[in-house]
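This report concerns only the one structure given below.
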Amino acid sequence: MQVVPLSGSLGAELRGVFIHGGMPEEDAAFIQRMLLKYRVVFFRNQQHMTDQSHWDFARNFGEIVSHPTVAAQEEPAILELHSHKGGRANSWHTDVTFDLRPPKLSILRAVTLPELGGDTVWANTVAAYEHLPDNLKALAEKLWAVHGNDFDYAASRVELLHDDTAKRYRRQYAAQVIKSEHPVVRVHPDTGEKSLLLGHYAQRFVNCNTYDSDRLYEIFQAHVTRLENTIRWRWAPGDVAMWDNRSTQHYAINDYGDRTRVMRRVTIVGDVPVSVDGSLSRPHVQ
């Protein structure tokens, strides 16, 4: 297996990999180590993959978890992100942070790609924290944020669409509102690194009004999305991306008009985030 780093901050392509379910333990362990090191890893030329092999591959890295509000495809826990059914993730986010236990990692497979556009960008939230001045680090470590699914990229455009499938999708998503309180700085359970836990599910900071929350969010989120912290991936048929949801944010660029883009994602169950002082995330009680 060849490792090709892609930027100074995060991202590597793993070459010589044929993704399938029966992967040797040592290969899965190596991929896991590379994921911790590079935050996001990419595999080319995996056109042979099916929903079943996607599922089987994901099981090498932990327990698979379904999206908490959106129904999976025929294979359990495979979430389809379809550009004509609301699946345009064009805002910075970490997957499913409204849940008390956001996923540990996500594995995304390209199914149908537009002729142009549709790239995805990832950001390194560990580097974002590390590059903060000391006074902002101290402030961030004291802050907690309420994350909610009142807005979700997987459903955000559905109200603009009119077909019955899209309307059903929106009704299903909105049927259950989930909110959790997470530390703005979480400690990575495997590496001990500190990272900023924000993204578009973060609605406000605990014990802060909307005005102050918005401005504080802008300050910290701007450090996450600095170009120096990012890697941009141009998708090709057969591509698979796998990222550590505990140390990244990502953004799917919506620059392909009415062309079709279909991706399928499997996520691995995560842990309850832990703050710098050892406090655990908690459900938000209104």
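Once you know that position 73 of the sequence shown is 73 in UniProt numbering, the rest is easy, because the numbers rise by one and skip nothing. Just so you know, even glycine gets a beta-carbon here, dropped at the ideal spot from N, CA and C.
With fewer than 16 other CB atoms across the displayed protein chains lying within 10 angstroms of its CB, D27 is exposed. When secondary structure is reduced to three states using DSSP, Y256 falls in the coil class, being assigned neither helix nor strand. In this model, A236 and L14 are separated by some 15 angstroms (Cα to Cα).
Uninterrupted alpha helix (DSSP H) stretches at least 4 residues long and entirely within the segment 27 to 68 occur at 51 to 58, given in chain order. Contact between the segment 16 to 30 and the segment 51 to 64 is present, with at least three C-beta pairs closer than 8 angstroms.
Distances from the alpha-carbon of I64 to those of S281, G270, V276 and S279 put G270 closest. Around the beta-carbon of L143, 16 or more other beta-carbon atoms lie within 10 Å, marking it buried. A direct Cα-to-Cα measurement between M1 and R226 gives close to 31 angstroms.
In this structure, DSSP gives Y251 an extended state, which the three-state scheme calls strand. Taking a 10 Å sphere around the C-beta of L116, we find fewer than 16 other C-beta atoms and assign the residue as exposed. In terms of CA proximity to K179, V146 leads the group A12, L35 and V146. Cβ atoms of L198 and V177 stay farther apart than 8 angstroms, at about 20 angstroms. Taking every protein chain shown into account, the CB of S279 has fewer than 16 other CB atoms within 10 angstroms, so this residue is exposed. The segment 190 to 236 contains, as complete alpha helix (DSSP H) runs of 4+ residues, the segments 210 to 224 (chain order). Residue range D134 to K142 is occupied by the alpha helix (DSSP H) that includes N135, with no beta strand (DSSP E) assigned at that position.
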